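In what follows, a single structure is set out as structure tokens and then discussed.
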Amino acid sequence: GREHRDAVTAETFLADAQRAITWLQGRQLGQEPSLQIGCVGFCFGGHLALLAATVPAVRATCAFYGARVSSFRPGGGAPTLAVLPQIPGHLLFLCGDQDPLMPLQEQQAIAAALSADRVARQEQLRPPLERRMVVAPGAGHGFLCEARSDYNPEAAALGWREMLALFAKAL
177 GREHRDAVTA ETFLADAQRA ITWLQGRQLG QEPSLQIGCV GFCFGGHLAL
227 LAATVPAVRA TCAFYGARVS SFRPGGGAPT LAVLPQIPGH LLFLCGDQDP
277 LMPLQEQQAI AAALSADRVA RQEQLRPPLE RRMVVAPGAG HGFLCEARSD
327 YNPEAAALGW REMLALFAKA L
């Protein structure tokens, strides 16, 4: 999987994400005219979810343990965390405090960027959007996956609860 991960670029991923969203919007089959899109990703998918959140149709995004967003961008360029001002919807970032792929420095960078984005949005009188990070105590990487040794039932329950609450609010 790492070989495929390393071949991904932000630009090609975003083009794929936009095509997928366009396809979904075309399949509404009599539902209300504006399909509400939410995005969720885990691990590298959490990193990519942060990029997908920049697509205008995405109203809410949950990025679970998306490592290296403060120091890396698929295909090169500014770190993915730099896209925060371009995200039009709500954003929830979740990780565990024992995740070796999400060290304290990474968590602090994400928290600082989320805080700065909230302040900037208030100053620009944009609609209030949720921008926050939840750090699950005692949880490692992959805490939501029952097949992993890092599975943590309490953290998993917290993660699902937070994600579902955000989606209920925004979608």
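Remember, the numbering used here sits 176 above the position in the sequence shown when you count from 1. From the three backbone atoms N, C-alpha and C, an ideal C-beta is built for every residue, glycine too. None of these values were measured; they are calculated from a predicted model.
Close-in-space but distant-in-sequence residues of the same chain around residue i (CB under 8 Å, 5 per side omitted)
i      : result
Phe125 : The first residue shown for the chain is 177 and the last is 347, placing residue 125 beyond what the model contains.
Leu257 : Leu226, Val245, Ser246, Ala285, Ile286, Ala289
Gly253 : Ala186
Ile197 : Ile213, Val231, Ala233, Val234
Sequence-distant residues of the same chain with beta carbon closer than 6 Å to residue i, five excluded per side
i      : result
Gln201 : Leu211
Arg294 : Arg307
Arg324 : Gly318
Leu320 : Ala332, Gly335
Asp275 : Tyr241, Gly316, His317
Ala292 : none
Arg297 : none
Assumed close pair residue i, residue j - CB separation to whole angstroms, cut-off 8 Å
i      : j      : result
Ala289 : Leu260 : 6 Å
Gly214 : Leu347 : 5 Å
Asp326 : Gly318 : 5 Å
Cys238 : Met339 : 4 Å
Leu268 : Glu306 : 7 Å
Met278 : Ala331 : About 13 Å separates the two Cβ atoms, so there is no contact after all.
Gly314 : Asp273 : 7 Å
Ala312 : Asn328 : 7 Å
For residue i, three-class secondary structure by DSSP
i      : result
Gly314 : coil
Arg297 : helix
Arg324 : coil
Cβ shell of residue i (< 7 Å), same chain only, five flanking positions each side left out
i      : result
Phe343 : Gly214, Ala236
Ala193 : Ala228, Val231
Pro255 : Val245, Ser246, Ser247, Phe248, Arg249
Pro264 : Pro232
Subject >> Minimum length 3: unbroken beta strand (DSSP E) runs contained in the stretch 194-277 >> reply: Whole beta strand (DSSP E) segments, 3+ residues: 213-218, 234-240, 266-272.
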